[in-house]
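Protein sequence lines correspond, in order, to chains V, U and L. Residue numbers for the first sequence follow this note's numbering, so the first one is 589 and each next one is one higher. Residue numbers for the second sequence follow this note's numbering, so the first one is 34 and each next one is one higher. Residue numbers for the third sequence follow this note's numbering, so the first one is 1474 and each next one is one higher.
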Amino acid sequence: MLRKKTLAFISSTVVALSLLAGCGSNNDAANPASGSPSASSGAKPQEKVEISFWTTYSDADAGPITALVDNFNKSQDRITVKMLGNQDPTKQLTAISGGAAPDVLLTYWNNIGPWADAGAVLDLTEKIAQSGFDVNAVIPAAMERMKINGKVYAMPFTMSMASSLMYNKADFEEAGITKPPETLEELFEYAKKLTKKDADGNITQIGFIPDYPWIDNVFWPIIFGGSWIDEATGRVTPNAEANVKAIAYQRSFYEEFGQNQIDKFKSGMGKRGTPQDPLLTGQLAMYIGWEYNFMPERGEDGPIGVAPFPYPADRPDLKGSGMVSPRAVFIPAKAKHKDEAWEFIQYLMQTDTQVQYSLDAHVIPTLTAALSDDRLYVDSNKTMWPFYERAKSENLNGFPNSPYINEYLQALTEETEKALKGTLSPQEAMDNVAKKIQPLADKK
Amino acid sequence: MSGPSTATGSLKTPGRKRSKAAKRIARSFGKHLVLCLAGVFFLGPFAYLLLTSVKSIDEIFAVPFVWWPKKFYWENYSNAVKAIPFLRYTLNTLFVSLMCVLGELIAAPLTAYGLARIPFKGRNVLFMVMMGTIMLPAQSTMVPLYVLYNKLNLVNTYWPLILPAFFGAAYYIFLLRQFFMGIPQEITESAKMDGASEFRIYWQMILPLSIPAVFTVGLLVFLNSWKDYQMPLIYLNDPIKWTLSVGLKAFIGEYNVEWGMLMAASALFAFPIIILYFFVQKVFIQGITMTGSK
Amino acid sequence: MAKAVRNENAIGIRRRSRKTLMTGLLFTSPWIIGFFLFQLYPILASFYYSMTDYNLFTAPEWVGFGNYKKLFQDDKFYLSMYNTLYITVVGVVPHMAYALVMALLLNAKVKGQSLYRTIYFLPTLVPAVAGSLLWMWLLNSQYGLINMGLSAIGITGPNWLVDPDWTKPSLVLMGFWGTGTITVMYLAALQDVPKMFYEAAEIDGASKWRQFWTITFPSISPMTLFQLIMMLISSFQYFTEGLVFAEATQSTGGPENSLLFYSIYLYQQAFSFLNMGYASAMAWMLFLVVMFFTLLIFRTSARWVYYGGEK
Chain V
589 MLRKKTLAFI
599 SSTVVALSLL
609 AGCGSNNDAA
619 NPASGSPSAS
629 SGAKPQEKVE
639 ISFWTTYSDA
649 DAGPITALVD
659 NFNKSQDRIT
669 VKMLGNQDPT
679 KQLTAISGGA
689 APDVLLTYWN
699 NIGPWADAGA
709 VLDLTEKIAQ
719 SGFDVNAVIP
729 AAMERMKING
739 KVYAMPFTMS
749 MASSLMYNKA
759 DFEEAGITKP
769 PETLEELFEY
779 AKKLTKKDAD
789 GNITQIGFIP
799 DYPWIDNVFW
809 PIIFGGSWID
819 EATGRVTPNA
829 EANVKAIAYQ
839 RSFYEEFGQN
849 QIDKFKSGMG
859 KRGTPQDPLL
869 TGQLAMYIGW
879 EYNFMPERGE
889 DGPIGVAPFP
899 YPADRPDLKG
909 SGMVSPRAVF
919 IPAKAKHKDE
929 AWEFIQYLMQ
939 TDTQVQYSLD
949 AHVIPTLTAA
959 LSDDRLYVDS
969 NKTMWPFYER
979 AKSENLNGFP
989 NSPYINEYLQ
999 ALTEETEKAL
1009 KGTLSPQEAM
1019 DNVAKKIQPL
1029 ADKK
Chain U
34 MSGPSTATGS
44 LKTPGRKRSK
54 AAKRIARSFG
64 KHLVLCLAGV
74 FFLGPFAYLL
84 LTSVKSIDEI
94 FAVPFVWWPK
104 KFYWENYSNA
114 VKAIPFLRYT
124 LNTLFVSLMC
134 VLGELIAAPL
144 TAYGLARIPF
154 KGRNVLFMVM
164 MGTIMLPAQS
174 TMVPLYVLYN
184 KLNLVNTYWP
194 LILPAFFGAA
204 YYIFLLRQFF
214 MGIPQEITES
224 AKMDGASEFR
234 IYWQMILPLS
244 IPAVFTVGLL
254 VFLNSWKDYQ
264 MPLIYLNDPI
274 KWTLSVGLKA
284 FIGEYNVEWG
294 MLMAASALFA
304 FPIIILYFFV
314 QKVFIQGITM
324 TGSK
Chain L
1474 MAKAVRNENA
1484 IGIRRRSRKT
1494 LMTGLLFTSP
1504 WIIGFFLFQL
1514 YPILASFYYS
1524 MTDYNLFTAP
1534 EWVGFGNYKK
1544 LFQDDKFYLS
1554 MYNTLYITVV
1564 GVVPHMAYAL
1574 VMALLLNAKV
1584 KGQSLYRTIY
1594 FLPTLVPAVA
1604 GSLLWMWLLN
1614 SQYGLINMGL
1624 SAIGITGPNW
1634 LVDPDWTKPS
1644 LVLMGFWGTG
1654 TITVMYLAAL
1664 QDVPKMFYEA
1674 AEIDGASKWR
1684 QFWTITFPSI
1694 SPMTLFQLIM
1704 MLISSFQYFT
1714 EGLVFAEATQ
1724 STGGPENSLL
1734 FYSIYLYQQA
1744 FSFLNMGYAS
1754 AMAWMLFLVV
1764 MFFTLLIFRT
1774 SARWVYYGGE
1784 K
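Here it is as structure tokens:
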């Protein structure tokens, strides 16, 4: 009995719902919103082109970019941009490869290398020449990441930057430290001073962990002035002297404080980005800082201090070094509306747009001119000021983009991990990377 | 524990009977004890979810861990529901899931019956081909499948999520095949002698005998479709068409996560399946009485 | 005369077997049609890719068995296969046995049965984000519940999430919570065990233990076969949990690649390195391995699986 009733209930709900949803999707189909240019609106004599724009941002972060898109849509009457968030690289790749490419995509910069090499990304050289876009107005370290074999494939819409040292002010005070470390050697000494152990030899507070929160295989070599490829000879250079030094320096922390002790202490630290963040609680005294870390807490009266990241004492020329990680916007080679897409990208790369976005989303603009724009220097934006300054440094750098970039980065992470644990010497580990990656570099 | 009624009862009953009753009580107590202990283990994750959903961010990540929130942040729920088109996503998900259940319950038992109870030539080969299709990791067929749906103009519709269910998934077919093969031949033999068609045997004898199995399949299809993230993400390009699992990502920002709202929304997300499950497992009990009466 | 009868018989048998074939095909036609419509092309395409150099965009370049040869020289192919075999060998049988025990307990007639049954299903419904937070806390080597419990009985617990020797056991441990669906299927199977068997055994005075092995276990053996095979297949394709876990340690493969499972490496090759040809060869290699084990299990199943419908 119950069965029949349940079945009847289920089937009637299904029918009702399918009617409901059926109506819904019919409505959608009637709307001129399904990716094709809409000639149906009728009101305007001009043909308005709709372009689709996919981003990685989920709703939590999409506010500022939505505002920009709305602005663009209102500013002219030829192009409508339809934005879709939450599109991760796998989806982006599947859609482009599967023949349903949108017109513009925002993605992580390290996708550009392999995707461009595979022929999925439109070479922008021609568009740049035609429209007179000034590539030199873009921060070089960010622009460089968009180039594969000298050709520009994307534009760096925004960038993240690691060139700061963030520290817990209370920890410093307690240890009697009055100013942040200047050089890497000082950083090491400070870390020792800021590390506490209990009677059993267990760490209760640590000064600095070089691979927290992750193994940074790009940041550290940049700090030491390292390189990854010799353009002239085509040799990969992960085992260059500076790179090896960068690993050895990180290893020295493990030798000083003990592998097991650090591992154990690390696993007891609070979760990053929550009120229990170890830098906030003071469990950790110093940290490699990005512009998005500790946004409110790094204010003047806040618990977190910000300083330029230290440099090697014997290389004062490397002062102001840092790593840049841009977010790229690009046009798929098979996009339907390339011209309109390029117009939209140009809009994204205007000073006004960049300034507005930096104010809304607290990111670093990628136009040199925008970095000095007065509109950014309002009190409400004060925590960003030092980062705008540091973004002007000539010592900013990044990992060279290439078709095999992801293999290269993966190999670096794996081998660095071994070197940090002491199973291999830094030199051996980096030699391994060269051995693994050189064949890939030769192929391309 | 076992109340005053047993105590007074034991006063009146003779000794032998009492010890038997005591044994029974002891045994049922033992069962309850085991179930309760294991229940705590199983209740853990969900209790954690519910408690976290009403905590402040300070308490969620407090060290040492805080079980019971000092103050209940019920607004996590109302905020979560307001932050995304919750009702719309729920209806979308419900539609997709129910359609999948409908499709799977039409196609899977039929195919399973064919494989289990009709000894046709090549049925073992067919069965192994079917098993083979699920041994290939989905990552390697994802792109060609997308190409296919794109050619059929079905990207950004619900069809890629629903259509496969109407042709039966190997997992459920295999499951039902196992059930159908377990039903004794004698039960259907006399009907066959009387000239009943295979479909009639399937519809009037085998299906009613397999109610627990069919409901289990329905539940699993619903559950998997409800929780699926990858397919809706890949195929739906209109936020208004999204399902809940994709919609929940709205609370996860790149650098900060709305933990309270995320947990509240996750609890709401699980709720419909709990209700459904509660009713499905009731059918199991009904199933017992059915087999018992035959 | 006799010959004619025999002929008639033969024709009859043939006709009947043709009729059986038609009925069989008719019943299985939903899946067969679906196979030709939606599955055959992706499968063939993936097989073709496995013989080519293919980056998902430019036309595939034929390399024959080149990708397969390369597999055998790839350290990470062996490593990821080892990790996958580990989680399969250590995980599948305990999870299954555990689910069965739970199903037996939940099938016992006790008050509040419905409630218990619902409780046991709950962990399956906790979304991965919430679940992983909980794991991180439970498995934390400093203040996690598990290590605190262990230290209470004088054992120093391992650093579950960091020590490469313990990351996979952590996953197996957490897997017990995900056995809810298996328990449900076993519960459904238990409903089909004829009650009269137990009544007869009770009269014979057989112990519960004996009843389980002589009645329950054989009766639900078709379900055990199903679980064994499906869990084997899904364990060989172990992906999501491993990825969630590894991400908590900020890398794809977890500490020292101890969580680099076969499907994760395959995914990385396909979607990060754009070696779709190589990834497809990996997929087909996995297919062969899984098919081998599946056939092996089916072969032995005649000895321990009893179908009531078979004579």
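Built from N, CA and C at the ideal position, the CB exists for glycine as well.
Collapsing the DSSP output to three states places proline 1695/L in a helix.
Using a Cβ-Cβ cut-off of 8 Å, asparagine 1632/L is close to Asp851, Lys852, Ser855 of chain V, given in chain order. In the DSSP annotation of this structure, tryptophan 1608/L is not part of any beta strand (DSSP E); the continuous alpha helix (DSSP H) holding it starts and ends at 1601–1611. In the three-state DSSP reduction, alanine 283/U falls in the helix class (H, G or I).
The contact set of glutamine 864/V on chain U, defined by CB atoms closer than 7 Å, consists of Phe94, Ala95, Val96 in chain order. With a cut-off of 8 Å on Cβ pairs, the segment 663–677 of chain V is in contact with the segment 926–935 of chain V, counting three or more such pairs. For serine 913/V, the enclosing beta strand (DSSP E) begins and ends at 910–918. In this structure leucine 1732/L is not in contact with lysine 154/U, their Cβ atoms being roughly 46 Å apart against a cut-off of 8 Å. Leucine 955/V and phenylalanine 1760/L have their C-alpha atoms roughly 51 Å apart. Taken in chain order, the members of the segment 292–320 of chain U whose beta-carbon sits within less than 9 Å of a beta-carbon on chain V are Trp292, Phe312, Lys315, Val316, Gln319. Any Cβ of chain V closer than 9 Å to the Cβ of alanine 59/U would place that residue at the interface, and such an atom is absent. Closest in C-alpha terms to alanine 820/V, from the list Asn737/V, Val637/V, Phe760/V, Gly887/V, comes Asn737/V. Under the three-state reduction of DSSP output, tryptophan 107/U falls in the coil class, being neither helix nor strand. The closest CA to that of alanine 1518/L, considering only Gly1630/L, Leu1769/L, Ala1752/L, is found on Ala1752/L. DSSP links serine 640/V through a beta bridge to Lys670/V. At a cut-off of 9 Å between C-beta atoms, tryptophan 1650/L counts as an interface residue with respect to chain U. Counting only runs that start and end inside the segment 58–145 of chain U, the alpha helix (DSSP H) elements of at least 4 residues fall at 90–93, 108–116. Interface residue (Cβ-Cβ distance to chain V less than 9 Å): methionine 1609/L is classified as such.
In this structure, the beta-carbon distance from tyrosine 110/U to leucine 1607/L does not fall below 9 Å.
Not a single CB atom of chain L sits nearer than 9 Å to the CB of isoleucine 117/U. Close CB contacts of serine 130/U within its chain, under the 6 Å cut and outside five residues either way in sequence, are with Phe255, Ser258, Trp259 (chain order). By the C-beta criterion, the segment 260–280 of chain U is judged not to be in contact with the segment 1567–1581 of chain L, since fewer than 3 inter-stretch pairs fall below 8 Å.
With fewer than 16 other CB atoms across the displayed protein chains lying within 10 angstroms of its CB, tyrosine 1551/L is exposed. Listed in chain order, the beta strand (DSSP E) elements of length 3 or more contained wholly in the segment 652–700 of chain V are 667–672, 692–696.
Residues of chain U whose Cβ lies closer than 7 Å to the Cβ of isoleucine 1706/L are, in chain order, Ile167, Met168. Between proline 677/V and serine 640/V a beta carbon distance of about 17 Å is seen, past the 8 Å cut, so the two are scored as non-contacting. Apart from the 5 residues on each side of it in sequence, methionine 238/U sits with its Cβ closer than 7 Å to the Cβ of Ile220, Thr221, Ala224 in its chain, given in chain order.
Residue state for proline 988/V is assigned as coil, using DSSP reduced to three classes.
Nearest to alanine 300/U by C-alpha distance, out of Val87/U, Cys69/U, Arg57/U, is Val87/U. Here tryptophan 292/U carries a helix assignment [DSSP, helix/strand/coil].
The way I'd put it, the segment 1654–1665 of chain L does touch the segment 1689–1706 of chain L; three or more beta-carbon pairs between them come closer than 8 Å. By the 16-neighbour rule on beta-carbons within 10 angstroms, valine 1566/L is exposed. Not a single CB atom of chain V sits nearer than 9 Å to the CB of glutamate 1714/L. Phenylalanine 1508/L is classed as buried because its beta carbon has at least 16 other beta carbons within 10 Å across all chains shown. Leucine 712/V carries a coil assignment under DSSP once its states are collapsed to helix, strand and coil. Leucine 753/V is a Cβ neighbour of phenylalanine 897/V, given a cutoff of 9 Å.
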